[in-house]
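Enquirer:
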Amino acid sequence: MERYPHLKESDPDVYALIQKQTDYEATTLKMIASESFASFSVLEACGSTLTNKYAEGYPGARYYEGNEIVDDVESLAIARARKLFGCEHVNVQPCSGSPANQAASRAVMNHGDKVMGIPVTDGGHLTHGWKVNFSGKDYVQVPYTPDPQTGRIDMDQVREIAKKERPRMIWAGTTAYPHQLDYKAFAEIAREIDAYLVADIAHINGLIIAGVHPDPVPYCDIVTSTAHKMLRGPRAGFILSKIEDRLRPKYYPESKLNLAQRIDRTVFPGLQGGPHLSIIAAMAVAFKEADTESFRDYGRQIVKNAKHLAAALQNRGIELAGGGTDTHLLLLDFRKEEFTGKDMSQALAKAGIIANFNLVPGDHRSPFVTSGVRLGTPALTSMGMKEPEMEKVAAWIDRVRNKVNRIDEEAPKIRAEIAELCGQFTIPGIR
Ligand SMILES: Cc1ncc(COP(=O)(O)O)c(C=O)c1O
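Under this note's numbering, residues 2 to 432 are what the sequence shown spells out, in order.
1. Taking the runs of the alpha helix (DSSP H) that are 4 residues or longer, which of them lie wholly in the region 372-431?
2. What span of residues does the beta strand (DSSP E) with D201 cover, start to end?
3. Which whole-angstrom value describes the C-beta separation of L360 and M32, a residue pair presumed to lie in contact below a C-beta threshold of 8 angstroms?
4. Return yes when the C-beta of T175 is under 8 angstroms from any heavy atom of ligand 1, and no when it is not.
5. Consult DSSP for L218 and reduce its assignment to one of helix, strand or coil.
6. With a threshold of 9 angstroms between beta carbons, is I264 in contact with chain B?
7. Following the continuous beta strand (DSSP E) through S226, name the residue where it begins and the one where it ends.
8. Three or more C-beta pairs under 8 angstroms: does that hold for the region 107-120 against the region 160-180?
9. Indicate, with yes or no, if ligand 1 has a heavy atom lying under 8 angstroms from the CB of S97.
10. Compute the Euclidean distance between the alpha carbons of I354 and G113, then round it to the nearest angstrom.
11. How do the region 266-285 and the region 46-58 stand: do at least 3 beta-carbon pairs fall below 8 angstroms, yes or no?
12. So the beta strand (DSSP E) S242 belongs to, where does it begin and stop?
13. Using only CA atoms, which one of P95, T176, I79 and A196 lies nearest to E89?
14. If you run the structure through DSSP and keep just helix, strand and coil, what is Y59?
15. Contact check, R107 vs T267 under 8 angstroms by CB: the rounded distance?
16. Return yes when at least one heavy atom of ligand 1 lies under 8 angstroms from the C-beta of S375, else no.
17. Please name the residue, chosen from N134, D334, R301 and S346, that lies closest to D327 on a Cα-to-Cα basis.
18. Could you compute how far the alpha carbon of C96 sits from the alpha carbon of Q262?
19. With a CB to CB cut of under 7 angstroms and the five nearest residues on each side skipped, what residues in its chain are close to G87?
20. Less than 8 angstroms between the CB of G207 and some heavy atom of ligand 1, yes or no?
21. Considering only DSSP beta bridges, list what Y315 is partnered with.
22. Using only the alpha-carbon positions, how far apart do M345 and A412 sit?
23. If I measure Cβ to Cβ from Y65 and keep anything under 7 angstroms in the same chain, skipping five residues before and after, which residues do I get?
24. So within the region 267-305, which uninterrupted alpha helix (DSSP H) runs reach at least 4 residues, ignoring any that extend past its ends?
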C-alpha cells in the first residue's frame with residue numbers, strides 16, 4: 002500500500018522530503034537518546050481529522066460548541082495516563098515538553114523566585130533555569146551538578162545547596178545523565194525546605210513504566226513529560242500531579258484552587274489556546290500501547306542494550322562518563338583524545354550512526370565542540386535489536402573512533418553494513 006497518496010499527488014516536494022527522511026531513518030542507526038519510532042497507529046491518529054476541531058477549555062467546560070466527542074478523546078487520554086502512571090491528576094494539553102515545564106513552573110512560582118536545577122552544560126534541560134530560556138529569565142537558577150569526578154549527583158551536596166539557597170521549586174530531571182535519580186531523597190530535601198518537587202521524566206518515562214527506573218509519582222508534587230522520545234507517542238507534553246497542594250497554606254493562603262486546578266489554569270488560559278486534539282488522540286493511543294507487557298519488555302531491553310553497549314565499548318577502550326549506564330543513555334568520554342565530541346559525532350553520522358555531541362562532567366572543551374558523544378538505545382530497541390546487535394554497533398563505533406579525522410574512505414563501507422543490518426528489522430511506523 003502506498004503511503005501518503007494524496008500528498009504525493011498534491012505536493013510532490015513535501016512528499017519527496019518525507020520519503021527521503023523516512024528512508025534515511027530506515028537505513029541508519031538512530032541513536033539520539035531522545036528519539037524512538039512512533040507506531041503506525043500513533044501516526045494515523047496524529048494525521049486525523051481531529052486536527053480541525055477547536056476546543057478551548059477542558060472536557061465538560063469548553064468555550065466552543067460541538068465538543069462532546071472530543072471531550073471523550075481528551076478524557077480517554079487522561080484516564081489512560083492516570084492508569085499508566087498511577088497518578089491523581091493529568092493535563093494532556095501542553096504542546097511539548099518545554100511548554101509543560103513552563104506550565105509547571107508558573108503553577109508554583111512567581112517571577113523572581115529561585116528554582117533549583119541542573120545547568121544545561123551539566124546534563125539538565127533548558128527549562129530548568131537556563132539563562133537564555135524563560136526559566137532563567139523569569140526565575141533565578143540555583144544550580145546543582147553531577148560530581149565532576151564520579152559523574153553522579155551527590156544528594157548530600159543537593160541538600161546543602163537547597164538548605165542554603167531555599168529555592169521555591171526543585172527540578173529532578175535530566176537530559177544527558179546516565180544514572181537513576183533518587184526521588185525519595187529529593188522529596189526529603191524538598192520537604193525540609195518547603196519547596197515544590199517537580200520530576201521531569203521526558204527521557205525516562207518508558208523505563209519508569211517498565212519498572213527499571215524508580216517511580217517519581219509517589220514522591221513528587223508534579224511530574225512533567227514528553228509523549229515522544231522513549232514513550233513513542235506524538236510530539237507533545239503532559240503533566241501529572243497531586244490534586245492537593247501540600248504547600249498551599251504557605252504559598253497560596255488566599256487561593257481557592259488546589260494544585261491540579263492551578264496547573265490546568267496555567268496551561269489554559271495561562272499559556273495556550275485550543276488543545277491539539279489529533280495529538281491528544283495520538284497520546285491516548287501511545288498510552289494504551291505503553292500499558293502492555295510488550296512495551297514493558299521494550300523498556301527493560303532498552304536498559305539491557307545500553308548496558309551491553311557500554312560494556313562492549315569499554316572493552317574496546319572507549320571511556321564512559323560516570324563509568325557506564327543504568328538507563329537508556331551513554332556518554333562517551335573523549336576528553337583524553339585529540340579529536341572533539343563534535344568531530345566524533347560528525348564522523349559517526351557519515352558512517353550512519355546518528356547521535357549528538359555533548360559535554361561530559363569535567364569537560365575542558367567548549368559546549369560548541371565538547372569532549373563527549375551522547376548515545377541512546379530506545380530507537381534501536383524499538384526495531385527489535387538486542388545484545389548481539391549492540392556488539393556490532395560497538396565495533397562500528399570503534400572503527401569510526403580509530404579514523405575520526407579521515408573517515409571519508411571508511412564511512413561508505415560502514416554505512417552500507419549498517420543499512421544491511423537495518424534491513425533485517427521491522428521499524429514501527431515505517432515498515
Ligand atoms: C528532560 C527534558 N525535558 C524537557 C524536554 C523538552 O521537550 P521538547 O523538546 O518537547 O520541548 C526535553 C527535550 O529534549 C528533555 O530532554
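Don't be surprised by glycine CBs; every beta carbon is placed ideally from N, CA and C. Quantities reported herein were computed from a predicted structural model and do not represent experimental measurements.
Expert: Here's the rundown:
1. 379-383, 388-402 and 412-423
2. Y197 to D201
3. Incorrect: roughly 18 angstroms between the Cβ atoms, too far for contact.
4. yes
5. With the sequence shown as reference, residue 218 is identified as Val, and Leu is not the correct amino acid for it. Here V218 sits in coil by DSSP.
6. Among the protein chains of the structure shown there is no chain B, as only one such chain exists.
7. I223 to T227
8. yes
9. yes
10. 43 angstroms
11. yes
12. G238 to S242
13. I79
14. strand
15. 5 angstroms
16. The question names Ser, yet the displayed sequence has Arg at residue 375. Checking the Cβ of R375 against ligand 1 gives no.
17. R301
18. 18 angstroms
19. V218
20. no
21. Reading off the sequence shown, one finds Gln at residue 315, where the question assumed Tyr. Paired residue(s): none; Q315 is not in a bridge.
22. 12 angstroms
23. Y55, A56 and E57
24. 278-291
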